[in-house]
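*Asks:* This is the structure I have questions about; it appears just below.
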Ligand SMILES: [Zn+2]
């Protein structure tokens, strides 16, 4: 407990505004309103007729508007996360006001999409206008999938009673599920909290009750699932996509073929990675088989060590320093400049985040630091995001449409570096083994477990496209996919169960799960290349990747590292990083078991 009483840093938001009643807020809002009104008067219906110089001026004005809006928006957002109970902050009101004002200028997007290609090409001969080429390219991508304003309007109005309506029903119904253990009733989050605290026999009882409740409600959730998938398929078709997956791939800016290659490689790795991991886990637990409800439970080999703030800082900074003195300076600045809120407080947002604020030199970070190992990793992760934002500051805001696959590169890379440092700091082999096992588990979750869901979704969607599919059929598909992932060490029990209905991503973002696997594959390959030391000037190239990630295509950015996402080799490299860690854990487990 001593560590918890240490003085933890808080951020200073006065660089943005002195307080929520700072008169500068009213001034900025008024300026924003005035400039957007001017923008609409000057450009509405006229964008196609602008010459290159005028179009450049229009973008400069948009850039200015964006800066004012983001500064206001983020200040109130950050204020709100300090204490959600403090409604006086009034962030909802400000956000609604900003959205309302912004809606007056959104016409520019459609007007830019509508400019004929040859006209735009000739405009782009102008060097100044080409500064906004990434923003233009990004907007123009939607040309092939444009629908008329009438259809768009109908879809947006009907959304409330279709997709969004179904999702609200899912949320409400799932939240209402109640589970009875002894003579007490539990909600799903309460049941999980209990599950993580009790012994193996009790966990079995909890799982049985969970499965009973899921089975009682499975027909209802299967109907919802069918409706949601059919609704999304219809919408994808209206936007001229063959499937939901094709639309997700388009939004993710990735080719269908690349995604196929990733999944093929991941599916081929189950035996060597996830199945091998569960075998090792069973051995460490001293059992021959693990029941499926215990498979992802964190291993508890040793009394966990607590880190105080200074220790965490030293580990993280030395990890970054060893990799790159330049990155180290940036990360150190975050510690020195009062932009981190690490205090543990009631009412504060409990998930960690790094929030970019382009008008200052980087970002604000928030986490509740209780000194666990996972806190140290989370801090290193968020500092990775924050340093990325510092690099992106060199780019124009409108150009910054970073591929979602690159967003997690700096954070995960930073966490990988920190993990290595942490292993150096730790003296006990048992603790090292526990750190490695938890890291492998995390990587398997991100890379392989998410692919399992993708496989489930693709098969389920194929069946739904032919007609309605039953809850039992969904359970069967889920069971088959799970058994490939777990292998024979994990006991799935004989009867397929309805665990599938408890994963909201499959309902809320159909076909999105693979994105996690994709993003992890990229950073794992990159880190593996770094470890191999075969690419000269890795650090310099890596920093260039960070600073150009908003404006260049991710494939182009990976080229200097000799990496190509369209090669099976590439995905294999990333997976090899996980098997390297597994080798290390297996080796260490021999030492630990023998001693
Ligand atoms: Zn992240």
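In the working numbering, the protein residues as written are 846 to 1440.
Backbone N, C-alpha and C define an ideal beta-carbon position, used for all residues, glycine too.
1. Going by the C-beta, is residue 1302 closer than 7 Å to any heavy atom of ligand 1?
2. What number of angstroms, rounded off, separates the C-alpha of residue 847 from the C-alpha of residue 1226?
3. For the beta strand (DSSP E) that contains residue 1201, what are its first and last residues?
4. Are residue 1446 and residue 1000 close, meaning C-beta to C-beta below 8 Å?
5. Should residue 1256 be counted as a contact of ligand 1 given a C-beta to heavy atom distance under 7 Å?
6. Could you check where the beta strand (DSSP E) with residue 1029 kicks off and where it finishes?
7. So what does DSSP say about residue 1194, is it helix, strand or coil?
8. Could you check which residue in 1385, 908, 1087 has the C-alpha nearest to that of residue 1170?
9. Excluding the five sequence neighbours on either side, which residues of its own chain have a C-beta within less than 7 Å of the C-beta of residue 822, listed in chain order?
10. Could you tell me which residues DSSP puts in a beta bridge with residue 1260?
11. For residue 977 versus residue 1243, is the C-beta distance shorter than 8 Å?
12. Taking the C-alpha atoms as reference points, what is the distance between residue 866 and residue 1257?
13. One question on the structure: do residue 1337 and residue 1328 come within less than 8 Å of each other, judged by their Cβ atoms?
14. Can you tell me where the alpha helix (DSSP H) with residue 965 in it begins and where it stops?
15. Would you report the Cα separation of residue 1440 and residue 1276, rounded to the nearest angstrom?
16. I'd like to confirm something about residue 1233: is its beta-carbon nearer than 7 Å to some heavy atom of ligand 1, or not?
17. Is DSSP giving residue 1185 helix, strand or coil here?
18. How many Å lie between residue 1025 and residue 1271 at the Cα?
19. Are the CB atoms of residue 1373 and residue 1418 within a distance shorter than 8 Å?
20. Say yes only if the C-beta of residue 1230 is nearer than 7 Å to one or more non-hydrogen atoms of ligand 1, and no if none qualify.
21. Can you list the alpha helix (DSSP H) stretches of 4 or more residues lying completely in the stretch 1145 to 1174, in chain order?
22. To the nearest angstrom, how far is it from the Cα of residue 1068 to the Cα of residue 1314?
23. Does at least one heavy atom of ligand 1 sit under 7 Å from the Cβ of residue 1226?
24. Look up residue 1426 in the DSSP assignment and say whether it is helix, strand or coil.
25. Under the rule that 16 or more other beta-carbon atoms within 10 Å means buried, what is residue 1343, buried or exposed?
26. For the candidate residues 1053, 1333, 1221, whose alpha-carbon lies nearest to that of residue 1161?
27. Do residue 1282 and residue 1164 have their CB atoms nearer than 8 Å?
28. Anyone know if the C-beta pair for residue 1212 and residue 1179 falls short of 8 Å?
29. Might you give, ordered along the chain, the residues of its own chain that have their beta carbon closer than 6 Å to the beta carbon of residue 1420, omitting 5 neighbours on each side?
30. State yes or no: is the C-beta of residue 1253 nearer than 7 Å to some heavy atom of ligand 1?
31. How many Å lie between residue 1156 and residue 1267 at the Cα?
32. Is it true that the stretch 1048 to 1059 meets the stretch 1135 to 1145, where meeting means three or more beta-carbon pairs spaced less than 8 Å apart?
*Replies:* In brief:
1. Result no, Cβ not under 7 Å from ligand 1.
2. Interpretation of residue 847 is limited by its pLDDT of 42, a score under 50 that renders its predicted location unreliable; no figure is taken from the coordinates.
3. Membership of residue 1201 in the beta strand (DSSP E) is indicated by the continuous run 1198 to 1202.
4. Shown here, the chain extends from 846 to 1440; a query on residue 1446 therefore has no answer.
5. Correct: residue 1256 has its Cβ closer than 7 Å to ligand 1.
6. Where residue 1029 is concerned, the enclosing beta strand (DSSP E) stretches over 1029 to 1031.
7. When DSSP states are grouped into helix, strand and coil, residue 1194 belongs to the coil group.
8. If you compare the alpha carbons of 1385, 908, 1087 with that of residue 1170, the shortest gap goes to 1385.
9. No information on residue 822 is available, as it lies outside the stretch 846 to 1440 that the chain covers here.
10. In the DSSP output, where bridge partners are listed per residue, residue 1260 has none listed.
11. Yes, these two residues count as a Cβ contact at 8 Å.
12. Taking the straight line joining both Cα atoms gives about 38 Å.
13. With respect to the 8 Å criterion, residue 1337 and residue 1328 are classified as neighbours on the basis of their beta carbons.
14. Per DSSP, the continuous alpha helix (DSSP H) segment holding residue 965 begins and ends at 962 to 968.
15. Confidence at residue 1440 is low in this model, with a pLDDT of 49, below 50, so the placement of that residue should be treated as unreliable; the coordinate-derived value is given next. So the two alpha carbons sit approximately 14 Å from each other.
16. No, ligand 1 has no heavy atom inside 7 Å of this Cβ.
17. In the structure shown, the three-state DSSP call for residue 1185 is strand.
18. Across the structure, residue 1025 and residue 1271 are spaced so that their CA atoms are roughly 42 Å apart.
19. Cβ atoms of residue 1418 and residue 1373: closer than 8 Å.
20. Yes, the Cβ of residue 1230 comes within 7 Å of a heavy atom of ligand 1.
21. Taken in chain order, the unbroken stretches of alpha helix (DSSP H) that lie wholly in the stretch 1145 to 1174 and span 4 residues or more are 1154 to 1168.
22. The straight-line gap from Cα to Cα measures roughly 8 Å.
23. The beta carbon of residue 1226 sits closer than 7 Å to at least one heavy atom of ligand 1.
24. In the three-state reduction of the DSSP assignment, residue 1426 falls in the helix class.
25. Taking all protein chains shown into account, residue 1343 has 16 or more neighbouring C-beta atoms within 10 Å of its C-beta and is therefore buried.
26. Cα-wise, what sits closest to residue 1161 is 1221.
27. Inclusion of residue 1282 and residue 1164 in the CB contact set at 8 Å is not warranted, their separation being larger than that value.
28. No, they are not a contact pair.
29. So the list reads 1114, once near-sequence residues are dropped.
30. Checking every heavy atom of ligand 1 against the Cβ of residue 1253, one is found closer than 7 Å.
31. One C-alpha to the other measures close to 10 Å.
32. Taking 8 Å as the limit for Cβ pairs, the verdict is that the stretch 1135 to 1145 does touch the stretch 1048 to 1059.
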